[in-house]
Amino acid sequence: MTEFHDWDDIRAELHDGDDEALAAERARTEAWASAFHLAEERKRLGLTQRQVAELMGVSPGRVSQIENGDLDANEVATLSRYARALGARMRIIFDYGNDLRQIA
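Sequential numbering of the sequence shown, starting at 1, is according to full-length UniProt numbering.
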């Protein structure tokens with residue numbers, strides 16, 4: 001008969017209870033996934049990194065860094081300028097599971 005395990009037990013076993021390491025890895029994964037979507041959206045709009053850089057007032061290398069997930073938590077303004085360069089408006093939404101709240 002198959003034995004079922006509690007998810008918290010499995011997570012603790014896999015990560016030796018290191019929730020900080022798990023959270024850091026989750027943040028890196030989410031940053032990479034978000035960055036991938038930024039590059040895809042730029043390409044969909046037919047823009048080069050150089051064009052976006054000129055619109056943002058940064059170097060093409062910085063656009064590459066952004067698209068590769070190299071962002072500090074304090075760089076919301078940079079993301080907002082990136083969105084504007086693509087002709088979009090950035091929204092900040094808190095996701096509470098079954099409740100989404102737009103805060104900006």
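Built from N, CA and C at the ideal position, the CB exists for glycine as well.
Given this structure, state the Cα-to-Cα distance separating residue 77 from residue 96, to the nearest angstrom. Numbered from its first residue, the sequence shown carries residue 77 at position 77. Numbered from its first residue, the sequence shown carries residue 96 at position 96. Rounded to whole angstroms, residue 77 to residue 96 spans 23 Å at the Cα level.
Return helix, strand or coil for residue 84, following the three-state DSSP convention. Here residue 84 refers to the residue found at position 84 of the sequence shown. Residue 84 carries a helical assignment under DSSP once its states are collapsed to helix, strand and coil.
Euclidean distance between Cα positions of residue 57 and residue 99: Taking the first residue of the sequence shown as position 1, residue 57 is located at position 57. Taking the first residue of the sequence shown as position 1, residue 99 is located at position 99. Rounded to the nearest angstrom, the two C-alpha atoms are 36 Å apart.
Cα-Cα separation between residue 53 and residue 59, rounded to whole angstroms: Stepping through the sequence shown from its first residue, residue 53 is reached at position 53. Stepping through the sequence shown from its first residue, residue 59 is reached at position 59. The straight-line gap from Cα to Cα measures roughly 5 Å.
Out of curiosity, what's the CA-to-CA distance linking residue 55 and residue 65? Residue numbering aside, residue 55 sits at position 55 when the sequence shown is read from its first letter. Residue numbering aside, residue 65 sits at position 65 when the sequence shown is read from its first letter. So the two alpha carbons sit approximately 16 Å from each other.
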